[in-house]
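Notes for the one structure printed next.
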Amino acid sequence: MAYTYDDQNIFAKILRGEIPNATVLETEHTLAFRDIQPQAPVHVLVIPKGPYVCYDHFAREASDAEIVDFTRAVGEVVKAEGLQEGGYRIISNAGEAGVQEVPHLHVHVLGGRVLGRMLQRAG
Ligand code: DGP
32 MAYTYDDQNI FAKILRGEIP NATVLETEHT LAFRDIQPQA PVHVLVIPKG
82 PYVCYDHFAR EASDAEIVDF TRAVGEVVKA EGLQEGGYRI ISNAGEAGVQ
132 EVPHLHVHVL GGRVLGRMLQ RAG
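Going by this note's numbering, the sequence shown opens with residue 32, and the numbers climb by one from there.
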């Protein structure tokens, strides 16, 4: 399946500076900022600057430089937010089944409390 990127999504607007954000880290290819509706004491979103809809889109089509930069940025966020000792969770929702709200790849970096089991059991 070929993904179509919507450049009017809210994270594209953040990247263009049209909407403010609380930046945690910025690199050549990556931006990390605080989630507007935090679900844990630490809740940071890490996004590539390039137009990728979701994780597999990025993993298949991004350049090696973008992938390395993004991966390293996630590591830096974990370290900068002091999550190494207590632990953390990384989530990336995709599409309908993943209940993705914003169609620009983002990983949620969550920590600062015990987060509970990964998924609720549901029918
Ligand atoms: P997801 O369901 O994985 O697509 O999560 C989208 C997340 O984006 C959700 O946790 C709330 C966050 N979010 C939505 N709009 C904004 C915004 O304008 N600014 C920030 N910082 N976060 C936003």
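All C-beta atoms, glycine included, are put in the ideal place defined by N, C-alpha and C.
Judged by beta-carbon spacing, residue 70 lies within the 9 Å limit of residue 141, meaning their Cβ atoms are closer than that value. A distance criterion of 8 Å places the beta-carbon of residue 87 beyond contact range of ligand 1, judged by its closest non-hydrogen atom. At least one heavy atom of ligand 1 lies closer than 8 Å to the C-beta of residue 137.
Uninterrupted alpha helix (DSSP H) stretches at least 4 residues long and entirely within the stretch 94–150 occur at 95–111, given in chain order. Here residue 61 is buried, its C-beta having at least 16 other C-beta atoms within 10 Å.
Between residue 99 and residue 125, the alpha-carbon positions lie close to 21 Å from each other.
Excluding sequence positions up to five before and after residue 81, its CB lies within less than 8 Å of the CB of 60, 89, 93 and 97, all in the same chain and listed in chain order.
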